[in-house]
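Number of protein chains: 2
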Amino acid sequence: VREIPFVLIGVGNLGRRFCEIARDKAPLLRDEFELALRLVAVGDSQGGACDAETGIDLDSVVAIKRGGGTVGDLPVIGRKPWPALDLVARADAEILLEASPVNLALGAQPGLACIRTALERGMHVVTPNKGPLVLAYDELIQLAARRGVELRYDGTVAGGLPAVNLGQRDLRGGVISRLEAVPNLSTGFVMDLVGRGASWNEAIALAARDGTLEGDGTWDLDGWDAAAKLVILSNAVLGIRTHMSDVRFEGIRSLDAATLREAHQAGKRYRLLARAIRTSSGCYDLSVSPVCLTVEHPLGRLSSKQMGVVYYTDIYGTIVALVEEQTPIPSAATMLRDLLDIYLGRQFGGDKKSRPYTTGSRVRWSQSPL
Amino acid sequence: VREIPFVLIGVGNLGRRFCEIARDKAPLLRDEFELALRLVAVGDSQGGACDAETGIDLDSVVAIKRGGGTVGDLPVIGRKPWPALDLVARADAEILLEASPVNLALGAQPGLACIRTALERGMHVVTPNKGPLVLAYDELIQLAARRGVELRYDGTVAGGLPAVNLGQRDLRGGVISRLEAVPNLSTGFVMDLVGRGASWNEAIALAARDGTLEGDGTWDLDGWDAAAKLVILSNAVLGIRTHMSDVRFEGIRSLDAATLREAHQAGKRYRLLARAIRTSSGCYDLSVSPVCLTVEHPLGRLSSKQMGVVYYTDIYGTIVALVEEQTPIPSAATMLRDLLDIYLGRQFGGDKKSRPYTTGSRVRWSQSPL
Chain G
1 VREIPFVLIG
11 VGNLGRRFCE
21 IARDKAPLLR
31 DEFELALRLV
41 AVGDSQGGAC
51 DAETGIDLDS
61 VVAIKRGGGT
71 VGDLPVIGRK
81 PWPALDLVAR
91 ADAEILLEAS
101 PVNLALGAQP
111 GLACIRTALE
121 RGMHVVTPNK
131 GPLVLAYDEL
141 IQLAARRGVE
151 LRYDGTVAGG
161 LPAVNLGQRD
171 LRGGVISRLE
181 AVPNLSTGFV
191 MDLVGRGASW
201 NEAIALAARD
211 GTLEGDGTWD
221 LDGWDAAAKL
231 VILSNAVLGI
241 RTHMSDVRFE
251 GIRSLDAATL
261 REAHQAGKRY
271 RLLARAIRTS
281 SGCYDLSVSP
291 VCLTVEHPLG
301 RLSSKQMGVV
311 YYTDIYGTIV
321 ALVEEQTPIP
331 SAATMLRDLL
341 DIYLGRQFGG
351 DKKSRPYTTG
361 SRVRWSQSPL
Chain H
371 VREIPFVLIG
381 VGNLGRRFCE
391 IARDKAPLLR
401 DEFELALRLV
411 AVGDSQGGAC
421 DAETGIDLDS
431 VVAIKRGGGT
441 VGDLPVIGRK
451 PWPALDLVAR
461 ADAEILLEAS
471 PVNLALGAQP
481 GLACIRTALE
491 RGMHVVTPNK
501 GPLVLAYDEL
511 IQLAARRGVE
521 LRYDGTVAGG
531 LPAVNLGQRD
541 LRGGVISRLE
551 AVPNLSTGFV
561 MDLVGRGASW
571 NEAIALAARD
581 GTLEGDGTWD
591 LDGWDAAAKL
601 VILSNAVLGI
611 RTHMSDVRFE
621 GIRSLDAATL
631 REAHQAGKRY
641 RLLARAIRTS
651 SGCYDLSVSP
661 VCLTVEHPLG
671 RLSSKQMGVV
681 YYTDIYGTIV
691 ALVEEQTPIP
701 SAATMLRDLL
711 DIYLGRQFGG
721 DKKSRPYTTG
731 SRVRWSQSPL
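Read top to bottom, the protein sequences are chains G and H.
For the first sequence, this note's numbering assigns the number 1 to the initial residue and increments by one for each residue that follows.
For the second sequence, this note's numbering assigns the number 371 to the initial residue and increments by one for each residue that follows.
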């Protein structure tokens, strides 16, 4: 069994759930892949903890965070404050999981500095944090390549949907004439509620209570979140150097409640749609705006718990991918997906052998038609 | 620019279109990836041709096949007959593209023998041919691993949809509780026509004329095709050694036309559904049967030109992937996808850098909201 010492920065919605997943999946990771994850350093906004020798108990981290505390209060190994960057700079780890909240206004810190430092130190990085990639995509990709390590960020776009993986790996050699995405749940959730008769304030309050909407909602409701995700898709999949200033975006708050209700009664749904449309010159026009989708549109029947992306291509047809997530677990699980892809892609020299036969389970033999 | 000498066996629906794609995409492959494909040997059922020195002109192959001829008639380099296996055994190539028709009754030959020989010789293999994988999945995967080469078959399931890739790469560490797939176009195409009022014979004749249905239709209409695809998904994604005899399957011909019409009028669609359902013991129950899907089902609104797969998982949510293909081009393009994945995955040491920035194209700069 190969041990993978890792650092986790950010133990909120995604980070804490990753700890739960890592705990619950430990037997499967050991039996199927001969891997064992060992948390050697962890930090949240108030403190940190470090234990390279025995590893930090995931249950203790989960318990303290569920109780609203900080990992800085972990007995013996905790300290507060303990700057995240210092944890990353010292940790004896192979990989950083950077799951701190998006923070464009503060230059995506401390996430960006942590990622830079980890890559410089030769650590792989997995992050569902959009901020650093939106601000420094090119720099970080090149830094990882120079250091010969992996930077993965499949969780930055559309939660648990492997939208980046699909676009990067399965459309090579193709030309994407158009990309459409509903890359978050929150805006659809709110618009569906308003469509069904709630006031904007009620809908926003419900989304906040549900955990779908974070902070004061500005990031999601005014289109920043969708635009940031489009910036990442444009860089990573369309292969175009893109910044926030390249996207024309608007949010959903300027929509009239009556308009949403009318659409709802006509069986249509509004979604905040991120679009990249290839122009005759080979450029892409990038925009985010609320759009009334008919049921015929590939994203026109998304529930409040679904996100999706559509790639319109020349040789690969039109590919639609949707994810339904009732909880943030699939978003948190993208970190496991990325981590396993880094380790299994290498270990086995190719993806195809990365899911070895599970012994013990057998197909139920039913009547043979042959 | 790196030259990739390849052998192509089978120049029908998919093989001929691959030649067209390779021809049309040559500039893009050179500019974006620094790769050049060179056809050094090609074979169809009647003859073959070989030219390792200058490579075989793709346009000549396309022209002769469009005219209904055999590549054995290619001037100077052609010969007929020329057994496919002999071409593969002699060719000085790095990779075999095996696109001969499915032929389970004849032991998946000549495809299976060609694939075995290529792998033994240390060539990579890409194939959209289900037969060899259905009959010898385990043997071929292990042979490729022993020889240190890649065997890719993303085109064996659901045409151009990266159903295998998605299942193998993006769900690692997860448990699939249920898998549902509509893995071919032909059966839905026929049932939709009958639902709209055509007789079975008319619908089958139309599907044959459209090119959707091949041969006498038995393979598709009686469920063999869907069952074979489920066998591959079960082996490749569920990680279970599976054979045709493990699948309980039926086709669509026992359905009553009146039943299809009633469903159609009620806004529902019948689809031949391949399913793997995990049982409490960790086994999977594998079946193929026609099912009346409501519009709420993730595959309930597929058009006659769409296929799809749904993975119901524990930690990755429910992931739906659909492909719409108006022509066989996306199915043929899976060979390019697989080939590029083999070469770019290696060349760059990781997928993320495989789509370098395209120079020349720029994002159109629109008003900045920042």
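Idealized CB from N, CA, C, for every residue including glycine.
It should be emphasised that the depicted structure is a prediction, and the values quoted were computed from it without experimental measurement.
is_contact[residue i, chain H] using C-beta, thresh 8 Å
i	result
Ala-333(G)	yes
Lys-25(G)	yes
Glu-324(G)	yes
Ile-315(G)	yes
Gly-251(G)	no
Leu-336(G)	yes
Ser-366(G)	Caution is warranted here: a pLDDT of 34 is assigned to Ser-366(G), below 50, making its placement in the model unreliable, and the coordinate value is therefore given only provisionally. Output row for Ser-366(G): interface = yes.
Arg-172(G)	yes
Cutoff 8 Å: residue i Cβ touching any chain G Cβ
i	result
Arg-372(H)	no
Arg-548(H)	no
Leu-714(H)	yes
Pro-742(H)	With chain H covering only 371 through 740, there is no way to say anything about residue 742(H).
Ile-391(H)	yes
Arg-408(H)	no
Leu-398(H)	yes
Gly-530(H)	yes
Proximal residues to residue i (C-beta, below 8 Å), its chain only, five neighbours per side dropped
i	result
Arg-90(G)	Ala-41 and Cys-50
Gln-109(G)	Asn-103
Leu-119(G)	Val-125, Leu-140, Leu-143, Ala-144, Arg-147, Val-149 and Leu-151
Val-353(H)	Past the edges of chain H, shown from 371 to 740, lies residue 353(H), and the structure says nothing about it.
Ile-4(G)	Leu-35, Ala-36, Leu-37, Arg-38, Glu-94, Ile-95, Leu-339 and Tyr-343
Pro-698(H)	Asn-383, Leu-384, Arg-387, Gly-529 and Gly-581
Under the three-state DSSP convention, the category residue i falls into
i	result
Glu-572(H)	helix
Arg-641(H)	strand
Arg-17(G)	helix
Ile-315(G)	coil
Tyr-654(H)	strand
Ala-636(H)	coil
Ile-748(H)	The question about residue 748(H) has no answer here: the residues shown for chain H are numbered 371 through 740.
Val-607(H)	helix
Ala-99(G)	coil
Ser-336(G)	Checking the sequence shown, residue 336(G) turns out to be Leu, not Ser. Leu-336(G) falls in the helix class under three-state DSSP.
Pro-502(H)	helix
Gly-413(H)	strand
Ser-303(G)	coil
Ala-461(H)	coil
Gly-72(G)	helix
Gly-715(H)	helix
Pro-480(H)	coil
Nonlocal neighbours in the same chain, by C-beta distance under 7 Å from residue i, ignoring five residues either side
i	result
Gly-174(G)	Thr-313, Asp-314, Ile-315 and Tyr-316
Ile-610(H)	Ser-604 and Tyr-654
Cys-662(H)	Ala-633, Lys-638 and Tyr-640
Val-247(G)	Ala-227, Leu-230, Val-231, Leu-286, Ser-287 and Val-288
Chain-ordered neighbours of residue i on chain G, where CB pairs are closer than 7 Å
i	result
Glu-509(H)	In chain order: nothing, as chain G lies at least about 13 Å away.
Asp-580(H)	Chain G residues near Asp-580(H): none, gap ~16 Å exceeds 7 Å.
Asp-631(H)	Residue identity differs from the one stated: residue 631(H) is Arg in this sequence, not Asp. Ordered by position in chain G, no residue passes the 7 Å Cβ test against Arg-631(H), which lies about 22 Å from the chain.
Proximal residues of chain H, C-beta to C-beta of residue i below 7 Å
i	result
Arg-371(G)	Residue coverage of chain G in this structure runs from 1 to 370, which leaves residue 371(G) outside it and unanswerable.
Val-182(G)	The premise fails here: Val-182(G) is roughly 13 Å from chain H at the closest Cβ pair, so nothing lies under 7 Å.
Proximal chain H residues relative to residue i, where beta-carbon distance stays under 8 Å
i	result
Ala-118(G)	Chain H residues near Ala-118(G): none, gap ~16 Å exceeds 8 Å.
Amino acids of chain G, ordered along the chain, whose beta-carbon sits closer than 9 Å to that of residue i
i	result
Val-690(H)	Gln-306, Gly-308, Val-320, Ala-321, Leu-322, Val-323 and Glu-324
Cβ-based neighbour list, residue i, same chain, cut-off 6 Å, excluding 5 preceding and 5 following
i	result
Asp-135(G)	According to the sequence as given, residue 135(G) is Leu; it is not Asp. Excluding residues within five positions, the ones whose Cβ falls inside 6 Å are Ala-108.
Ile-95(G)	Phe-6, Met-123 and His-124
Gln-379(H)	Gln is not the amino acid found at residue 379(H); the sequence shown has Ile there. Contacts found: Gly-413, Ala-454, Glu-468, Ser-470 and Cys-484.
Ala-257(G)	Val-194
Gly-593(H)	Phe-619, Glu-620, Gly-621 and Val-658
Leu-507(H)	The sequence given here places Tyr at residue 507(H); Leu does not occur at that position. Excluding positions up to five away in sequence, the list reads Asn-605.
Ala-52(G)	Val-40 and Asp-92
Proximal chain H residues relative to residue i, where beta-carbon distance stays under 9 Å
i	result
Ile-115(G)	Correct list: empty, because the minimum Cβ distance to chain H is about 14 Å.
Leu-143(G)	Under the 9 Å cutoff, chain H gives no residues; its nearest Cβ is about 12 Å from Leu-143(G).
**Prompt:** For the region 373-385 of chain H, which residues have a beta carbon sitting closer than 9 Å to at least one beta carbon of chain G?
**Reply:** For chain G, none of the residues of the region 373-385 of chain H brings a beta carbon within less than 9 Å of one of its beta carbons.
**Request:** Residues of the region 490-505 of chain H with a CB closer than 9 Å to any CB of chain G: list them in chain order, please.
**Result:** Against chain G - using a Cβ distance shorter than 9 Å - the region 490-505 of chain H contributes no residues.
**Asked** Just by C-beta distance, which residues in the region 265-286 of chain G are closer than 7 Å to chain H?
**Response** Result list: Thr-279, Gly-282, Cys-283, Tyr-284, Asp-285 and Leu-286.
**Request:** Can you give me, in chain order, the residues of the region 40-72 of chain G that have a beta carbon less than 7 Å from any beta carbon in chain H?
**Result:** Interface annotation for the region 40-72 of chain G against chain H: empty, criterion Cβ-Cβ distance under 7 Å.
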